[in-house]
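> Residue numbers (this note's numbering): 4 to 81.
The C-beta atom is built at its ideal place from N, Cα and C for all residues, glycine as well.
I'd like to ask some things about the structure below.
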């Protein structure tokens, strides 16, 4: 399973490790993902999502239903 947020589409970025001598080697910055269960009252069911912590803050602010609606419109959630 890929490490991609199911609501925002955030995924790993590529960058460099930089040593004190300014030597650069490639590395990967993974998204900060958490597996979380949410209750959706409209559908009367529980859903388990792999979401980024920034998406959790968005869910707390606008609610899970609105966040899922937004993700569906952007094509991140089925």
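#1: What are the start and end residues of the beta strand (DSSP E) that includes residue 63?
#2: Are residue 74 and residue 61 closer than 7 Å when you measure CB to CB?
#3: Where does residue 15 land, buried or exposed, given buried means 16+ other C-beta within 10 angstroms?
#4: Do you know how far the Cα of residue 59 is from the Cα of residue 17?
#5: Quick check on the burial criterion: 16 or more other C-beta atoms within 10 angstroms. Buried or exposed for residue 67?
#6: If you draw a straight line from the C-alpha of residue 12 to the C-alpha of residue 50, how long is it?
#7: Buried or exposed, going by whether 16 or more other CB atoms sit within 10 Å of the CB of residue 24?
In terms of the structure at hand:
#1: Position 60 of the chain shown, counted from the start, is the residue given in the question as residue 63. Premise fails: residue 63 lies in the alpha helix (DSSP H), 56-65, not in any beta strand (DSSP E).
#2: By one-based count along the chain shown, residue 74 stands at place 71. By one-based count along the chain shown, residue 61 stands at place 58. Taking 7 Å as the Cβ cut-off, residue 74 and residue 61 do not qualify as a contacting pair.
#3: In the chain shown, residue 15 corresponds to position 12, counting from 1. Its Cβ having fewer than 16 others within 10 Å, residue 15 is exposed.
#4: Counted from its first residue, the chain shown places residue 17 at position 14. Counted from its first residue, the chain shown places residue 59 at position 56. Going by the C-alpha atoms only, they are around 24 Å apart.
#5: By 1-based counting over the chain shown, the position of residue 67 is 64. That one is buried.
#6: The count along the chain shown starts at 1 and reaches residue 12 at position 9. The count along the chain shown starts at 1 and reaches residue 50 at position 47. Near 17 Å, if we compare the C-alpha coordinates of residue 50 and residue 12.
#7: By 1-based counting over the chain shown, the position of residue 24 is 21. Counting Cβ neighbours within 10 Å, residue 24 comes out exposed, since fewer than 16 surround it.
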